[in-house]
Amino acid sequence: MRERTPLFHLLLFLSFLVILTYTIIKKTILFFINLFRKNQCVFCNLPKEGNVFHYRDDICYIVEDVRPEADFHYLVIPIEHISSARTFDIKYLKTVHHMYVVAKRFFKERHSELFHSLHSNQIEDRFGFHLPPFNSVGHAHMHVLVGKYNNFISRIEFTPDTYWYCTAQSMIRSMIPDEDDE
507 MRERTPLFHL LLFLSFLVIL TYTIIKKTIL FFINLFRKNQ CVFCNLPKEG
557 NVFHYRDDIC YIVEDVRPEA DFHYLVIPIE HISSARTFDI KYLKTVHHMY
607 VVAKRFFKER HSELFHSLHS NQIEDRFGFH LPPFNSVGHA HMHVLVGKYN
657 NFISRIEFTP DTYWYCTAQS MIRSMIPDED DE
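Residue numbers for the sequence shown follow this note's numbering, so the first one is 507 and each next one is one higher.
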């Protein structure tokens, strides 16, 4: 195997910085656009506007993402306004777990061939939350990504268990209090 030069590593690092900067700027602009909208929260108004949902119950609903980052990109949105995934604690455990169960069942029913072709860890990586300041809407929502990512930046944006993106299972585990805490 050929040894990589310091220049290669520098270019790789600079590429990563450019992509990260682009993502932060994009997410920040979208966040502030949504923050200053007249009708407040976009996701709180979706059920009121008579939109078509792929699924809906008393706890959450599923819609397609307007800016898909994969072949199929859905959002599982809690009906209750929760400002971000960083605010999740034990009181939201039931809601987040329900969202995860609904999302996984939806993925399995809607895209069964792809669902069965993936390993279990690959499936779990497809459900997750962006964490502030990397979220573009001030209402917590779970991403469900099916198929190939649209580009390299999308792949980085949805890298599991990073500072900016947390899988649903990791989020649920973090919400369960340790026995030592009691």
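Beta carbons are placed, not taken as given, at the ideal position from N, Cα and C, and that holds for glycine.
Secondary structure at residue i, three-state DSSP: helix, strand or coil?
| i | result |
| --- | --- |
| residue 601 | helix |
| residue 576 | strand |
| residue 607 | helix |
| residue 512 | helix |
| residue 636 | strand |
| residue 705 | Nothing in the structure corresponds to residue 705, since the chain is present only between 507 and 688. |
| residue 668 | coil |
| residue 663 | helix |
| residue 570 | strand |
| residue 624 | coil |
| residue 678 | helix |
| residue 584 | strand |
| residue 652 | strand |
What residues in its chain sit with their C-beta under 8 angstroms from that of residue i, if we drop five residues either side in the sequence?
| i | result |
| --- | --- |
| residue 677 | 591, 594, 602, 634, 635 |
| residue 670 | 529, 636, 637, 640, 663 |
| residue 610 | 629, 633 |
| residue 513 | none |
| residue 665 | 671 |
One question on the structure: do residue i and residue j come within less than 9 angstroms of each other, judged by their Cβ atoms?
| i | j | result |
| --- | --- | --- |
| residue 615 | residue 675 | no |
| residue 570 | residue 660 | no |
| residue 560 | residue 580 | yes |
| residue 650 | residue 612 | yes |
| residue 568 | residue 681 | no |
| residue 617 | residue 653 | yes |
| residue 657 | residue 577 | no |
With distance defined between alpha-carbon atoms, name the residue in the options nearest to residue i.
| i | options | result |
| --- | --- | --- |
| residue 679 | 665, 653, 606 | 606 |
| residue 535 | 557, 640, 667, 598 | 640 |
| residue 600 | 564, 553, 632 | 564 |
| residue 598 | 683, 552, 553, 509 | 683 |
If you drop the 5 nearest sequence neighbours on each side, which residues of the same chain put their C-beta closer than 7 angstroms to that of residue i?
| i | result |
| --- | --- |
| residue 566 | 582, 583, 584, 585, 604, 605, 608 |
| residue 573 | none |
| residue 517 | none |
| residue 525 | 659, 662 |
| residue 550 | 587, 645 |
| residue 557 | 569 |
In its own chain, which residues sit with a C-beta less than 6 angstroms from the C-beta of residue i, not counting the 5 before and 5 after it?
| i | result |
| --- | --- |
| residue 632 | 651 |
> How about the segment 643-661 and the segment 590-597: do they share at least three Cβ pairs that are nearer than 8 angstroms?
Replying inline: Because the criterion of three Cβ pairs below 8 angstroms is met, the segment 643-661 and the segment 590-597 touch.
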